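Trainee: Note that the protein sequences, when read in sequence, are chains A and B. Quick note on my numbering: the first sequence kicks off at 440 and runs consecutively. Quick note on my numbering: the second sequence kicks off at 851 and runs consecutively. Glycine included, C-beta positions come from ideal geometry on N, C-alpha and C. Just so you know, these numbers come straight off a predicted model, no measurement behind them.
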Amino acid sequence: MVAAERGAAFDLDAAWQLHRQVAIRPERFGALLYHFGTRRLSFLKSPTLLAVVRALAERPSARVACTDAGVAAADLPQYRAALSTLAASQMICERTSS
Amino acid sequence: MTAAPLPLVEQFQFGLDAPICLTWELTYACNLSCVHCLSSSGRRDPRELSTAECKAVIDELERMQVFYVNIGGGEPTVRPDFWELVDYATEHHVGVKFSTNGVKITPEIAHRLAESDYVDVQISLDGATAAVNDPVRGSGSYDTALQAMQHLADAGFRGFKISVVMTRHNVGQLDDFAAIADRFDAQLRITRLRPSGRGADVWDELHMSPDQQRELYDWLVASGDNVLTGDSFFHLAGYGESLPGLNLCGAGRVVCLIDPVGDVYACPFAIHENFLAGNVRDAGGFTSVWRQSSLFTELRQPQSGGACTSCSAYDACRGGCMAAKFFTGLPLDGPDPECVKGHGERALAAVVAGTAPKPSLDHSHRGKPVPLTLSRRPPDRACDENPLAGLAIADALAR
C-alpha cells in the first residue's frame, strides 16, 4: 500500500501518547516496542521515528512531534503512515486530556 | 531525504543488544516422555539453577529489557518454585509465556493465570484426537491437555495458545486443531518438527512428506491469518510467497536458549556443544554471553549460502534451519533437509547412516526400553518452544 494512502486516516493534529502498557527498547536501527497487553512487538525502523514516538506525549500534536524531531515536510506522509500503523496496533493512543 | 533503512531481516543478521525471543527451559524434569522431545527431557539435572540464581537471571533480563521469556522444559510447572519465579518475572517487567502439557493447570491455577496480563500459557497438543496425540506424547496426555484448556476457558482466560508440532500424522487435522482453538477461545500455534533431542530418533518416521509440506503451506496461506507459527516454517518460503513473520534463522542473533543448568545455546533446537555460547553462571552473566561470546559473534557475521547460493529460492528461505541440518548430518551451508526444491532429500541420501551428530545431553527417563515403533512409545512434553513465538511484525516505517 502507498504510504500516504495508509496514513490517510491518522489525525496528525491530534494529541497522542505511547500506550501505558508499551515498553521501548532502543536498538541501533531504531527501536523495538512491546505491548504487554496485546503481546505484540513492533519495530521502529529509524532513530528519527523513535524520537517522534518519544516526543508524542510532550507535544500538542503528532505534527509538532514530527517537526521537532526534524522530519522534513516532504517526509511527513511516510511518518504519518508509520504512526497510523502504530495506532492501529494500539502501540500509541490519543490523549483524552492534556 | 535520508537513506532508506535496511530491511529488518538484514538488520537482525547483525544481532541485537538483547534477544527478542528468549527461551528458558527451567528443568529437565518431566512427567511425560514425548517421543520427539527436543531437549531429551525426563529427569531433573542436579546442577539446575537454584531459585536465587533464576531470580538473578530475571534481574539481568529486566536490565536488558527482554520484554518476555518463553519458559519451557521439561515440564516447567513441576518445579516447586515455578509460580514464585513467574510472579518474580512479571513483577520485574519480564512477561512470561510458558509451555506446559497441562498437568498442573487446576481450576485454581487457571483463575490465577486469567487475572494476569503478563502471563501467557501454551498447552502442547500433537493430535486433534487422542489416537493421534497419545502415541507421540503418551497415554492420557490428550485428556490432560484438554482438561487444562477447559479449566483455562472456564476461568475466562482468552487467547491462550494451543501448540502443535506438525507431523505426517497430524497435518491432515489442521482444520480440527483450528476448531479446538475456537472451542476454547484460544489461538492455534503450529511449529516445525525438528530432529533435535529425541526428535532425531523419530524424525524419519514423523516428519512431513514433501506433499504434506505443500499442503501445510497452502493451508497457512489460505487459512493461517490468525495462526501463529513461531516463524518456524521459513524454509517453505521457497514455494513463493513468504509466510508472515521473520524469514530468517534467528539463532544467536535475535533468539537463544538458556537451559536448566544455565548453559546458553544459540537456539532451543540446538542443544549441542557446537552451539554452546557460555553459561549464565560465568562472570558477566547472561549479558556477556549474549553480547560477547565468540559463538554469537561468529553467528552474526555474514553467512555463506554455500551450495544454496545459486538457487533461485535462496533469498526467500536463506538455506533453512541450522539445527535441522546439523542433526541430520548435513553441512550448515547447504540445503535444509526439507528443502522445498528437493535438494535436501538428495543431500540426505549421501549422509552415511549413524554419522549425524548426537545431542550432547540426555535426561530421558531411564528403565524404559527404547521403542522401536511409535505405537509402543511412551509419551512426553512441551517440546515445541520455538524461537520467535508470537512475533507479529508490524513494519512501523513504510519502506
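Less than 7 Å between CB atoms is the rule here; does Asp967(B) satisfy it with respect to chain A?
Mentor: Closer than 7 Å to some Cβ of chain A, the Cβ of Asp967(B) qualifies, so yes.
Trainee: For Cys904(B), I'd like the list of residues in its chain whose CB is within less than 6 Å of its CB, leaving aside the five on either flank, ordered along the chain.
Mentor: Closer than 6 Å at Cβ, skipping near neighbours: Leu935.
Trainee: At 9 Å on the CB atoms, spell out the chain B contacts of Glu466(A), in chain order.
Mentor: The contacting residues are Gln861, Leu866, Asp867 and Ala868.
Trainee: Taking the beta strand (DSSP E) that Gln972(B) belongs to, which residues open and close that run?
Mentor: First-last of the beta strand (DSSP E) with Gln972(B): Val969 to Ser974.
Trainee: In chain order, what are the residue ranges of uninterrupted beta strand (DSSP E) at least 3 long that sit wholly in the segment 1029-1114 of chain B?
Mentor: Taking only runs of at least 3 residues, the beta strand (DSSP E) segments lying wholly in the segment 1029-1114 of chain B are 1037-1042 and 1105-1108.
Trainee: Should Phe475(A) be flagged as near chain B, meaning a C-beta pair shorter than 7 Å?
Mentor: Yes, because at least one Cβ of chain B sits closer than 7 Å to the Cβ of Phe475(A).
Trainee: Determine, using beta carbons only, whether Ser485(A) and Gly469(A) come nearer to each other than 7 Å.
Mentor: Yes; because the gap between Cβ atoms is below 7 Å, this pair is in contact.
Trainee: Taking CB distances under 7 Å as the criterion, tell me whether Pro1228(B) reaches chain A.
Mentor: Note that Pro1228(B) has pLDDT 39, beneath the 50 cutoff, so the model's placement of it is unreliable and the number below is only indicative. Chain A contact via Cβ: absent.
Trainee: Residue ranges of each alpha helix (DSSP H) run of no fewer than 4 residues wholly in the segment 1184-1211 of chain B, ordered along the chain?
Mentor: Taking only runs of at least 4 residues, the alpha helix (DSSP H) segments lying wholly in the segment 1184-1211 of chain B are 1193-1199.
Trainee: How many angstroms separate the CA atom of Val1015(B) from the CA atom of Ala508(A)?
Mentor: When rounded, the distance between both Cα atoms is 46 Å.
Trainee: Please list the residues of the segment 1001-1026 of chain B that have a C-beta atom closer than 8 Å to any C-beta atom in chain A, keeping them in chain order.
Mentor: Here the close residues number zero.
Trainee: How about Phe917(B): is its C-beta nearer than 7 Å to some C-beta of chain A?
Mentor: Answer yes: the Cβ-Cβ gap between Phe917(B) and chain A drops below 7 Å somewhere.
Trainee: Is the segment 989-1007 of chain B touching the segment 1041-1050 of chain B in the sense that three or more CB pairs, one from each, lie closer than 8 Å?
Mentor: Because the criterion of three Cβ pairs below 8 Å is not met, the segment 1041-1050 of chain B and the segment 989-1007 of chain B do not touch.
Trainee: Mapping DSSP to helix, strand and coil, what is Met530(A)?
Mentor: Note: Met530(A) maps to coil in three-state DSSP.
Trainee: Taking a contact to mean a Cβ-Cβ separation below 7 Å, would you say Cys1158(B) touches Tyr1164(B) in this structure?
Mentor: In this structure, Tyr1164(B) lies closer than 7 Å to Cys1158(B) by Cβ.
Trainee: Between which two residues does the beta strand (DSSP E) holding Glu965(B) run?
Mentor: Unbroken run through Glu965(B): none, as it is neither H nor E.
Trainee: Any beta carbon of chain A sitting closer than 7 Å to that of Gly1095(B)?
Mentor: Judged by the 7 Å Cβ criterion, Gly1095(B) is not in contact with chain A.
Trainee: Does the Cβ of Asp1032(B) have 16 or more other Cβ atoms within 10 Å, making it buried, or fewer, making it exposed?
Mentor: Asp1032(B) is exposed by the Cβ-count criterion.
Trainee: Using only the alpha-carbon positions, how far apart do Pro465(A) and Phe1084(B) sit?
Mentor: Straight-line Cα distance between these residues: approximately 27 Å.
Trainee: With 7 Å set as the bound, which would you pick, yes or no: does the beta-carbon of Phe482(A) sit closer than that to a beta-carbon of chain B?
Mentor: Chain B, which has a Cβ nearer than 7 Å to the Cβ of Phe482(A), makes this yes.
Trainee: List the residues of chain A that Asp970(B) touches, going by C-beta distances under 8 Å, in chain order.
Mentor: By Cβ distance, chain A contributes Arg478.
Trainee: Have a look at Gly1080(B) and Val946(B) and give me their C-alpha separation to the nearest angstrom.
Mentor: For Gly1080(B) and Val946(B), the distance between alpha carbons rounds to 16 Å.
Trainee: Along chain B, which residues have their Cβ under 9 Å away from the Cβ of Ala462(A)?
Mentor: Within 9 Å Cβ-Cβ: Gln915, Phe917 and His943.
Trainee: Beta-carbon separation of Pro1152(B) and Glu875(B) under 7 Å?
Mentor: No, Cβ-Cβ distance for Pro1152(B) and Glu875(B) is not below 7 Å.
Trainee: Within its chain, find whatever has a CB closer than 6 Å to the CB of Thr1017(B); leave out the 5 residues flanking it on each side and keep chain order.
Mentor: For Thr1017(B), where only same-chain residues beyond five positions count, the Cβ hits under 6 Å are Leu1043 and Leu1056.
Trainee: Could you give the residue range of the alpha helix (DSSP H) that holds Leu495(A)?
Mentor: Element bounds for Leu495(A): n/a, residue is neither H nor E.
Trainee: Roughly how many whole angstroms lie between the Cα atoms of Pro1219(B) and Gly988(B)?
Mentor: Residue placement at Pro1219(B) is flagged as unreliable, the pLDDT there being 43, under the threshold of 50; the coordinate-derived value follows with that caveat. Each residue's alpha carbon lies about 14 Å from the other.
Trainee: In angstroms, rounded to a whole number, what distance separates the CA positions of Leu1002(B) and Gly923(B)?
Mentor: Distance between the alpha carbons of Leu1002(B) and Gly923(B) is about 21 Å.
Trainee: How far does the alpha helix (DSSP H) with Glu941(B) in it extend, from its first residue to its last?
Mentor: It spans Phe932 to Glu941 - the alpha helix (DSSP H) in which Glu941(B) sits, taken as one unbroken run.
Trainee: With a threshold of 8 Å on Cβ separation, who are the neighbours of Arg893(B) within its own chain once the five nearest residues in sequence on each side are excluded?
Mentor: Only Tyr878, Ala879, His1213, Ser1214, His1215 and Arg1216 meet the Cβ criterion.
Trainee: With DSSP as the reference, label Arg1227(B) as helix, strand or coil.
Mentor: Because the pLDDT of Arg1227(B) is 40, which lies under 50, any placement of that residue in the model is unreliable, and the number read from its coordinates should be weighed accordingly. It is coil, neither helix nor strand.
Trainee: What is the DSSP secondary structure of Tyr878(B), reduced to helix, strand or coil?
Mentor: Tyr878(B): coil per DSSP, three-state reduction.
Trainee: Reducing DSSP to helix, strand and coil, say where Ile1121(B) ends up.
Mentor: Looking at Ile1121(B) - three-state DSSP - the assignment turns out to be coil, as it is neither helix nor strand.
Trainee: Within 10 angstroms of the Cβ of Val1202(B), are there 16 or more other Cβ atoms? Answer buried if so, exposed if not.
Mentor: Result: exposed.
Trainee: Determine whether the beta carbon atoms of Val916(B) and Leu872(B) lie at a separation below 7 Å.
Mentor: Result yes, Cβ atoms of Val916(B) and Leu872(B) sit closer than 7 Å.
Trainee: Taking buried to mean at least 16 other C-beta atoms within 10 Å of its own C-beta, is Ser1225(B) buried or exposed?
Mentor: Residue placement at Ser1225(B) is poorly supported in this model, since its pLDDT is 42, which falls under 50; the coordinates are not used for a value here.
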